[in-house]
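**Student:** Going letter by letter, the sequence shown gives residues 1 to 315 in the UniProt record's numbering.
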Amino acid sequence: MSVLTLEHVSKTIGRRLIVDDVNMAVEPGEVYGFLGPNGAGKTTTIRMIVGLIRPTKGSIRVMGHDISRDRRAALSHVGAIVENPETYSYLTARQNLVHYARLAGIPHAKRRIEEVVDLVGLTGRVDDKVKRYSLGMRQRLGVAQALLANPKLLVLDEPTNGLDPAGIREFREMIRNLAQGGMSVLVSSHLLSEIQMMCDRVAILKGGRIIAQRSVSSLVDGTASAAMIRVSNENAAVRVLKDRQWDAEVSAAHVIRVRTDGSAIPKLIRDLVRAEIDIYAVEPARESLEEAFLELTDDKLASSSSTPAGGVANA
Ligand SMILES: Nc1ncnc2c1ncn2[C@@H]1O[C@H](COP(=O)(O)OP(=O)(O)OP(=O)(O)O)[C@@H](O)[C@H]1O
Ligand SMILES: [Mg+2]
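1. Quick check: the stretch 202-219 against the stretch 21-40, are there 3 or more CB pairs under 8 Å?
2. For L153, which beta-bridge partners are listed by DSSP?
3. Compute the minimum distance between the beta carbon of H190 and the heavy atoms of ligand 1, and state whether it is under 7 Å.
4. If we count the other Cβ atoms within 10 Å of its Cβ and call it buried at 16 or more, is M1 buried or exposed?
5. Should I13 be counted as a contact of ligand 1 given a C-beta to heavy atom distance under 7 Å?
6. Quick one: is K11 buried, meaning 16 or more other Cβ sit within 10 Å of its Cβ, or exposed?
7. Buried or exposed for R136, please, with buried defined as at least 16 other CB atoms from any protein chain shown within 10 angstroms of its CB.
8. Can you give me the start and stop residues for the beta strand (DSSP E) that L4 sits inside?
9. In terms of alpha-carbon separation, which member of V82, A144, L154 and W246 lies closest to D118?
10. So what does DSSP say about E99, is it helix, strand or coil?
11. In chain order, what residues of the same chain have a beta carbon less than 6 Å from the beta carbon of D247, not counting five sequence neighbours either side?
12. Who are the near neighbours of R230 in its chain, counting only those whose CB is closer than 6 Å to its CB and skipping five residues on each side?
13. Just list the alpha helix (DSSP H) runs in the stretch 176-256, keeping only unbroken ones of 4 residues or longer that don't cross its boundaries, in chain order.
14. Whether or not the stretch 155-168 and the stretch 110-125 are in contact is what I'm after, with contact meaning three or more pairs of Cβ atoms, one per stretch, closer than 8 Å; do they touch?
15. If you reduce the DSSP assignment to three classes, tell me which class M174 lands in.
16. Locate the beta strand (DSSP E) running through I279, then write down its first and last residues.
17. Contact between the stretch 185-200 and the stretch 236-244: three or more CB pairs below 8 Å?
18. What residues in its chain sit with their C-beta under 8 Å from that of A226, if we drop five residues either side in the sequence?
19. Tell me whether Q213 is buried or exposed, calling it buried when 16 or more other Cβ atoms sit within 10 Å of its Cβ.
20. Compare the C-alpha of V250 against each of I53, G262 and N235 and name the closest.
21. Select from T45, G64, L6 and D278 the residue whose C-alpha is nearest the C-alpha of K152.
22. Could you give the DSSP three-state label for V126: helix, strand or coil?
23. Could you give the first and the last residue of the continuous beta strand (DSSP E) run that contains M24?
24. For the beta strand (DSSP E) containing G121, name the first residue and the last one.
25. I'd like the list of long-range same chain contacts for V216, defined as Cβ closer than 8 Å, with 5 residues on each side in sequence excluded.
26. Under the three-state reduction of DSSP, which class applies to K267: helix, strand or coil?
27. State buried or exposed for D271, treating a residue as buried only when at least 16 other CB atoms are found within 10 Å of its CB.
28. Check whether the Cβ of K42 sits closer than 7 Å to any heavy atom of ligand 1, and report yes or no.
29. Just how far apart, CA to CA, sit G181 and E30?
30. Which first and last residues belong to the beta strand (DSSP E) in which V62 is found?
31. Mind checking E170: buried by the 16 CB within 10 Å criterion, or exposed?
32. Using 8 Å as the threshold, is the C-beta distance between D66 and S59 below it?
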């Protein structure tokens, strides 16, 4: 069973359609990313998922419980940081967690606090006052708080906003660890690189719609349609290949890019060797999520008049 399911979810505020017919599912142990520019509807969708606002249409289920009809049961499986987590900076992290555990009626709080502190990597600093914490540590304390009730789904809206590169990397490792332990995570970001490194699957949102939903690996690996070849003389190599009807271009100093699928690479190499071009390396050109993202959004723009958004293949 999916941990989270959205079916035909829409949200209208005032007269504006802000979320438009969103369909998605998050599986156990999966890190699922919402990627989209400012105003795409990420936060609005997340606010519906964590029960802060109601969908205008459609249904949201968490562990099979409909969030409108069976709200308590549904939300009992959700831990979230949506708005900035409230912490008392003059208290220690542990005192904050004790306070939240009490508010939330967490059983065996003492033991659970040790567990979540360990999960987010704050052991050793848990008895420091929060005012001495870095932003990254505060974020992890927020996650610890969200994990107290042992949710199946963790929801984080732009969790790495404001973190430095080291903080982002630590945060990402923590998320990957949680997923390894079976937790599902829904995370939003407008940073492509971050989603690419953190998530298993990504939904690309634009104007309140999911315009594509793909596994990150299919976006990153599945689209290699070119080979990058390191040679001594890139201009000579391109000339030779063009003579033989290859679609080749200089990509960088000593590197050429040849449009081909994997099966033609042996012939490509033979052609170069016969022309006495020295080859130092051959690699598939991995399309970054960014390129794929631009391609997808361009495609949609080009064909939006004829193709409904649902026409984009799911992974
Ligand atoms: N309460 C509201 N009333 C009116 N409009 C709203 C409300 N909440 C959101 N919107 C509008 O809905 C659109 C989507 O907003 P949302 O915050 O969901 O986007 P987002 O993808 O989270 O963007 P960001 O990357 O800036 O956080 C925006 O145009 C926003 O102005
Ligand atoms: Mg937002």
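For every residue, glycine included, the Cβ atom is placed at its ideal position computed from N, Cα and C.
Since the model is a prediction, treat every value here as computed from it, not as a measurement.
**Tutor:** Looking at the atomic coordinates:
1. Using a Cβ-Cβ distance cut-off of 8 Å, the stretch 202-219 and the stretch 21-40 are in contact, since at least three pairs of beta carbons, one from each stretch, lie closer than that value.
2. DSSP, once it has assigned bridges, lists V78 and S184 as partnering L153.
3. For ligand 1, a non-hydrogen atom lies closer than 7 Å to the CB of H190.
4. A residue is called buried when at least 16 other Cβ atoms come within 10 angstroms of its Cβ; M1 does not meet this threshold and is exposed.
5. Checking every heavy atom of ligand 1 against the Cβ of I13, one is found closer than 7 Å.
6. Label assigned to K11: buried.
7. Rather than Arg, the amino acid found at residue 136 in this sequence is Gly. With 16 or more Cβ atoms within 10 Å of its Cβ, G136 is classed as buried.
8. Run containing L4: L4 to I13, per the beta strand (DSSP E) assignment.
9. Residue A144 holds the alpha-carbon nearest to the alpha-carbon of D118 among V82, A144, L154 and W246.
10. The question names Glu, yet the displayed sequence has His at residue 99. Note: H99 maps to helix in three-state DSSP.
11. Residues of the same chain with a CB within less than 6 Å of the CB of D247, apart from the 5 flanking positions on each side, are R259 in chain order.
12. Taking C-beta separations shorter than 6 Å and ignoring five residues to either side along the sequence, the partners of R230 in its chain run H254, V255, Y280 and A281, following chain order.
13. The qualifying runs are 192-198, 216-220 and 234-243.
14. They do not touch, by the three-pair rule.
15. Residue state, collapsed to three classes: helix.
16. I279 to P284 is the span of the beta strand (DSSP E), which, as asked, contains I279.
17. With a cut-off of 8 Å, the stretch 236-244 and the stretch 185-200 do not count as touching, because too few Cβ pairs lie within range.
18. Hits under 8 Å: R257, V258, R259, T260, P284 and A285.
19. Q213 should be labelled buried.
20. Considering only alpha carbons, the answer is N235.
21. The residue from T45, G64, L6 and D278 with its alpha-carbon nearest to that of K152 is G64.
22. Residue state, collapsed to three classes: coil.
23. M24 -> beta strand (DSSP E) spans R16 to V26.
24. Unbroken run through G121: none, as it is neither H nor E.
25. Sequence-distant partners of V216 (beyond 5 residues in either direction) whose C-beta falls short of 8 Å from its own C-beta, in its chain, are G33, I195, Q196, C199, D200, R201, V202 and L289.
26. K267: helix per DSSP, three-state reduction.
27. Buried, by the Cβ-count rule.
28. True, at least one ligand heavy atom lies under 7 Å from that Cβ.
29. Their Cα atoms are separated by approximately 10 Å.
30. That run of the beta strand (DSSP E) goes K57 to V62.
31. Burial call: buried.
32. Yes, they are a contact pair.
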